[in-house]
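Below: one structure, written as structure tokens.
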Amino acid sequence: MPMIRVQMFPGRTADQKEALVKEVTEAIVRTCDAKPEDVWVIIDEVDRDHWALGGTMYSRR
Numbered sequence: 041m042p043m044i045r046v047q048m049f050p051g052r053t054a055d056q057k058e059a060l061v062k063e064v065t066e067a068i069v070r071t072c073d074a075k076p077e078d079v080w081v082i083i084d085e086v087d088r089d090h091w092a093l094g095g096t097m098y099s100r101r
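Following this line, the structure appears as structure tokens:
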């Protein structure tokens, strides 16, 4: 049961998320010999206020 967690900023459409889930699932099926129905994909949308890069909050960039 592969489980893939994707963390990203909010703002993608439902269609974009669906396409992402499809591509990630296909990659796991291809590379890990998994069945599509056994692949879990979790999308965590994290506000910019909760991300930092290089010591700077991303919301201040």
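With my numbering, the residue at position 35 of the sequence shown is 75, and numbering never jumps.
Backbone N, C-alpha and C fix where the C-beta goes; we use that ideal spot for every residue, glycine too.
- Taking 3 residues as the minimum length, the beta strand (DSSP E) runs contained wholly in the stretch 46–93 are 80–85, in order along the chain.
- With respect to the 7 Å criterion, P42 and V79 are classified as neighbours on the basis of their beta carbons.
- Distance between T65 and R100, taken at the CA atoms: about 34 Å.
- Relative to the Cα of G51, the nearest Cα in the group I83, L93 and G94 belongs to I83.
- Annotated as distal: V81 and Q47, with beta-carbon spacing of 7 Å or more.
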